[in-house]
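2 protein chains.
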Amino acid sequence: MNAVTFLSPVTEEIKLVEERMRAQADESHPDLRAALEHLLAAGGKRIRPTLGLLVGNMLGAPLDKLVTLGAAVELLHTATLVHDDLIDGALLRRGMATLNARWSPPATVLTGDYLFARAAILAAETDHLPLMKLFSETLAIIVNGELTQMFTSRGLISRDNYYKRIYAKTASLFEMTSRAAAMVSPSDDATIESMRDFGYQIGVAFQIVDDILDFTGDQASVGKPLGSDLHNGLATLPSIYYAEANPNDPDILSLPNGGWTNNDNMTRLVDNIRASDATKKAMLEAEQHIDRALVILDPMEPCAERDALENLAKYIVNRKV
Amino acid sequence: MNAVTFLSPVTEEIKLVEERMRAQADESHPDLRAALEHLLAAGGKRIRPTLGLLVGNMLGAPLDKLVTLGAAVELLHTATLVHDDLIDGALLRRGMATLNARWSPPATVLTGDYLFARAAILAAETDHLPLMKLFSETLAIIVNGELTQMFTSRGLISRDNYYKRIYAKTASLFEMTSRAAAMVSPSDDATIESMRDFGYQIGVAFQIVDDILDFTGDQASVGKPLGSDLHNGLATLPSIYYAEANPNDPDILSLPNGGWTNNDNMTRLVDNIRASDATKKAMLEAEQHIDRALVILDPMEPCAERDALENLAKYIVNRKV
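These protein sequence lines map, in sequence, to chains R and Y. In terms of this note's numbering, the first sequence opens at residue 18 and continues consecutively. In terms of this note's numbering, the second sequence opens at residue 18 and continues consecutively.
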């Protein structure tokens, strides 16, 4: 399973999305254009626009709206990453220098703001008011989630808290993309709701796998030290499973009291989690979400896009980065 | 001329705008709600929502849309101030502690982002797609203006540059507010265009007066040291008039070469500008914009709102803070 198997039906269309994104800096300052070029070059597999294009094409949505939606979603995603990297002081993302590694914090704040503005312009250019509302509400969910995470005490081990966090952080935008693509197609409400749920399920799985890769991934390709979440006091699903199986582990017990600030203890805890079956249990949970997503596709008419969406869903739990 | 004479027709409606703004934090984290309360308490004369309400009421727009528009515009304005204060490292605004004086930079970045998101939601709640587009485009103009200012070399004395800057910084939002209020009313295109121009003219005048007050204002109520723009290498209209009259002043000549970083020289230059007729010339220019705004009101039917708009326009050049 690789990216090619789900990208192939929309390879050309993704190029249109990228052109559309690039055009957002056309009237802006040359330095800002250069920054956007840099961000686009650093830019991943475009999973979100691919999801929107596949769902929309499957349901007969007009291509121009899907390209606009894809560019809006990916630009919104990029804007949140720009501010996130600034907040975290991250210097690398996907092996490339972050904007704040090259620019001053003020320029980075404003570049993120500019990308938010251009994403909102693109969303408005779909000429679809409910989509526009959904788009701004999703931005509010993402940012409120980040603020809540910032204000929540570190070291908290809570499944409820974890699910809320990954919804805000990741699943909400997948959900919005898939739902919006259906909304601009001639689909009935039941189909729109199915596609919303499809986006939600693969979005949740995507973030769970990200959190597993934080423990098991190849350090170079993840671009962060192993167990970086735990070192920052964030208990993700593997830690939660480990804590359930080992409630008296002293490192686990220390977490809510600031134990996560002790580097040696956290390195030991990361090793123990890696050696346990916690990441396997977390992966089973991610796979359950993918199974639910695949069930949603069952009643859809067979077509190249449905096959690609299946492959996209399966890729999410099989990816290595 | 005081604020009462233009506020009186909409005093009750401004309260609705403030309630609407306050409600934007209802579902968010308690700390974020407290931050929004703080920002609202610190919040000025609500000139932008007042402008929208007066224009809209005069033209028969529905009140609910004007309240929504007013809250969207004021929240957008607040969001830009939150990021501005962070970027400038400002600790006080209107005599009250800024958010970044009390919060960490990450929390301040995210609070600004959240306010952008809520402003976009409000704009979408007007259910008016062209308004929504205008709203996002105005945000892009404001942010691109700030970025351009950041990338432009300091000490530049250019009238063209100055007018572009104050359009992006201030006039664009006044223009958008006045135009949008007309757009949601049953007005024809010519009236909408008149109201756009009205907002533009008073917005330009507003910023020119702000820039004059930076030289002549009461330091305590302006909340910044006198001539703070020049000390930051920004030549505003009084400096431009002074430079035109005194092209060989050594402090003026030093500006493009970094002379603005010399505190003693800039203090002397500020004194010289204050002693000259440069601020008077700048005020005449602001008054010309107000005169143009008043001419636009001439053909409108006499009514309380038209009178209040006249008073608002006159207040802008007579205010002391």
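Glycine included, each C-beta is placed from N, C-alpha and C at the ideal position.
Of the candidates Y:N274, Y:S211, Y:A185 and Y:A59, Y:S211 places its Cα closest to the Cα of A197 of chain Y. For R291 of chain Y, same chain residues with a beta-carbon under 7 angstroms away, outside a window of 5 residues either side, are F232 and T233 in chain order. Burial is judged here by how many other beta carbons sit within 10 angstroms of a residue's own beta carbon; S256 of chain R has at least 16 and is buried.
Contact check for L86 of chain Y against G61 of chain Y fails: the beta carbons are separated by 8 angstroms or more. Where H94 of chain R is concerned, the enclosing alpha helix (DSSP H) starts and stops at L80 to D105. Rounded to the nearest whole angstrom, the CA to CA distance from H145 of chain Y to N274 of chain R is 51 angstroms. Here V312 of chain R is exposed, its C-beta having fewer than 16 other C-beta atoms within 10 Å.
Here A252 of chain R carries a coil assignment [DSSP, helix/strand/coil].
The Cβ neighbour count for D227 of chain R, taken over all protein chains shown within 10 Å, is at least 16; the residue is labelled buried. When secondary structure is reduced to three states using DSSP, A114 of chain Y falls in the strand class.
In terms of Cβ geometry, Y179 of chain Y and T253 of chain Y form a close pair [threshold 8 angstroms]. In the three-state reduction of the DSSP assignment, R63 of chain Y falls in the coil class, being assigned neither a helical nor a strand state.
Taking a beta-carbon distance threshold of 8 angstroms, T233 of chain R does not count as an interface residue toward chain Y. Interface annotation, M193 of chain Y: not in contact with chain R, CB-CB separation never under 8 angstroms. L80 of chain R counts as exposed, since fewer than 16 other C-beta atoms from the protein chains shown sit within 10 angstroms of its C-beta. By the criterion of a C-beta distance shorter than 6 angstroms, L53 of chain Y is surrounded in its chain by A42, once the five residues flanking it on both sides are discounted. When DSSP states are grouped into helix, strand and coil, I174 of chain Y belongs to the coil group. Counting along the chain, L311 of chain R sits inside the alpha helix (DSSP H) bounded by residues A295 to L314. Against chain Y, a Cβ distance below 7 angstroms from V160 of chain R picks out L127, D130, Y131 and A134. Pairing S189 of chain R with A59 of chain Y, the inter-Cα distance amounts to about 33 angstroms. The three-state secondary structure of R336 of chain R, taken from DSSP, is coil.
Per DSSP, N282 of chain R is one residue of the alpha helix (DSSP H) stretching across N280 to A292. If you draw a straight line from the Cα of V334 of chain Y to the Cα of S195 of chain Y, it comes to about 18 angstroms. The region 90-109 of chain R and the region 131-146 of chain R touch, with three or more beta-carbon pairs separated by less than 8 angstroms.
Taking 4 residues as the shortest admissible run, the region 125-194 of chain R contains the following complete alpha helix (DSSP H) segments, listed from N- to C-terminal end: 146-168 and 176-183.
Ranking Y:G77, Y:L83, Y:V201 and Y:P316 by CA distance to the CA of R65 of chain Y puts Y:L83 first.
Interface criterion met: the Cβ of M149 of chain Y is under 8 angstroms from a Cβ in chain R.
For L251 of chain R, the nearest beta carbon of chain Y is not closer than 8 angstroms to its own beta carbon. Shown here, M317 of chain R sits in coil according to DSSP, grouped into three states, outside any helix or strand. Here DSSP, grouped into helix, strand and coil, assigns K241 of chain Y to coil.
A distance below 8 angstroms between beta-carbons, with the five flanking residues on each side excluded, links R285 of chain Y to the following residues of its chain, in chain order: D268. What L57 of chain R touches in chain Y, judged by beta-carbon distance under 9 angstroms, is nothing: the nearest beta carbon there is about 18 angstroms away.
Counting the other CB atoms within 10 Å of its CB gives F223 of chain R a total of 16 or more, which places it among the buried residues. Counting only the Cα atoms, L76 of chain R lies some 7 angstroms from S204 of chain R. T125 of chain Y has its alpha-carbon roughly 13 angstroms from the corresponding atom of A51 of chain Y. Interface flag for T165 of chain R against chain Y is set, since a Cβ pair is found closer than 8 angstroms.
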